[in-house]
Amino acid sequence: MNLDEIRNRIFTAIENEEKRQHEGVNLIASENLSSDDVRRAAGSMLAHKYAEGYPGKRWYGGCQYVDECEEIAVDLAKKVFGAQYANVQPHAGAIANLIVYTALLSPGDTIMSLLLNQGGHLSHGSPANISGKLYNFVHYPVKESDCTIDYDEMERLALEHKPKILLGGASSYPREFDWKRMRQIADKIGAILMADVAHTAGLIAAGVHKPVFPDVHVMTTTTHKTLRGPRGALICAQEEFEKKFQSGNFPGIQGGPFMHMIAAKALALRETLTDEFREYQREVLASSAAMAKWFIDRGKRVVTGGTDCHFFLLDVYASYGVNGDQAEKRLMEDNIAVNKNGVAYDPMPISKTSGLRIGTPFMCSRGWKTADFLSLAEQIDKTLTTLGESDPSPSPESFKKRK
Ligand code: DSN
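Take the sequence shown: its position 337, counted from the start at 1, is 337 in the working numbering, and no numbers get skipped.
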């Protein structure tokens, strides 16, 4: 491949991806379509600027303009989430979580979070992730009966294990967390209550989900999911944590902040204060709930019996006799992007799963309304019914035997 070919292939791939995002159906709950403003800042020359440190206290000259962007982003993050402190430098959600853990704990300390295979996240203590290697994670489960969090069991486990951080938030748990109840539990054992709202930050910003402050001590979030900003993350907290998180971020974990992304975060946070954004999030929730109900009304299994958020989990094995992997691949043939997802107490191996996570944020950003999602539900139902009849999934037991 010559140098021109390399260039052509990369720019063609970018064009093809843009076309895919404009024309395909995207139901991936963690993805969204940011505004022209956000993309302009993210692709700007601020990317060239080194600015280790914080506004007014940098290790490089020439930071006057990026300082301005960071100050605006910090002020907006505090305003949007009702926080006393904000740090907009974290590059990613998993990194923001690591900054919080390392700033507050010593290796070996105990953290309590939702089980990964019941909706939790890798950075919430998976043995394969640095979080699980550095800290002693114990997990609270969801109830077998309805797959919602068992707060009584959470309290019992918290009293038994006395974690230093009680962590709420998830990647594929479709219900709102009860921050007030969790704060009561945290207070009983003197734990810090941490909310990782990577998925729901946009819903919180728009006021369609309850605010996490003042109940939680610290909140982390990505900025590119429902928040509809650039790739990245931020930390908000009560002001007593300011010193720990400032140095925990830099020099603790990160080096030079991505100033282009910080400017883009400021623009995205600004957008959350508009009526258009609030209306958008109402549509995201209404579409997700309506689509989940559509399947339930036809006797299909939706995990927890519905949703409070921007996605729902359809148990395609219980509903159509196909596994999540098959369903994901078949829908992709029709240019419908979804992701296979484990369901709580899943009989299927993690590589196959019983579920699909179906989210509405991206298509609502493209202007879809509830009626569009209901037509799509009908199409998905027909496709999966035919797939289940023609190519049913092997049983969970047969996957075990093959190993
Ligand atoms: N990958 C994200 C998601 O899809 O939920 C979490 O990091």
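Cβ coordinates follow ideal geometry from the N, Cα and C atoms, glycine included.
Validate contact between the segment 97-114 and the segment 258-275 using beta carbons, cut 8 Å, 3 pairs: no
Top-ranked residue by Cα proximity to residue 172, from 120, 149, 142: 120
Under the three-state DSSP convention, the category residue 58 falls into: strand
Whether residue 27 touches residue 337 by CB criterion (8 Å): yes
Residue 115 - DSSP class collapsed to helix/strand/coil: coil
Complete runs of the alpha helix (DSSP H) confined to the segment 207-281 [at least 4 residues]: 242-247, 259-271
Limits of the unbroken alpha helix (DSSP H) element including residue 341: That residue, residue 341, is in no alpha helix (DSSP H); its beta strand (DSSP E) goes 339-341.
Whole-Å CB distance - residue 254 paired with residue 130, under 8 Å assumed: Contact doesn't hold; Cβ gap of about 14 Å is too wide.
Beta-carbon gap between residue 150 and residue 141 smaller than 8 Å: yes
C-beta atoms of residue 88 and residue 68 nearer than 8 Å: no
Candidates 218, 83, 210, of which the one nearest residue 97 by Cα: 218
Cut-off 7 Å between Cβ atoms - residues of its own chain near residue 138, not counting five sequence neighbours on either side: 110, 112, 157, 161, 163
8 Å CB neighbourhood of residue 369 in its chain, flanking five on each side removed: 283, 287
Residue(s) in a DSSP beta bridge with residue 194: 167, 218
Environment of residue 350 [buried if 16+ CB atoms lie within 10 Å]: exposed
Segment contact flag, the segment 297-313 with the segment 357-375, C-beta cutoff 8 Å, min 3 pairs: yes
Proximity winner among 269, 272, 364, 246, relative to residue 58 (alpha-carbon distances): 246
Terminal residues of the beta strand (DSSP E) in which residue 139 lies: 136-140
Alpha-carbon spacing of residue 159 relative to residue 132, whole angstroms: 21 Å
Presumed contact (8 Å Cβ cut-off) between residue 324 and residue 341, rounded CB distance: 6 Å
heavy atom of the ligand DSN below 7 Å from residue 93 C-beta: yes
Cβ pair residue 295, residue 85 closer than 8 Å: no
Reduced DSSP category for residue 313 - H, G, I as helix; E, B as strand; rest coil: strand
Pair within 8 Å by beta-carbon distance, residue 208 and residue 281: yes
heavy atom of the ligand DSN below 7 Å from residue 121 C-beta: yes
Inter-stretch contact (C-beta, 8 Å, three-pair minimum) for the segment 184-202 and the segment 213-229: yes
Terminal residues of the alpha helix (DSSP H) in which residue 16 lies: 3-23
Start and end residues, beta strand (DSSP E) containing residue 27: Segment: none, residue 27 is in no beta strand (DSSP E) and carries neither H nor E.
Cβ-heavy atom distance, residue 30 to the ligand DSN, below 7 Å: yes
Closest Cα partner of residue 289 within the set 303, 276, 344, 272: 303
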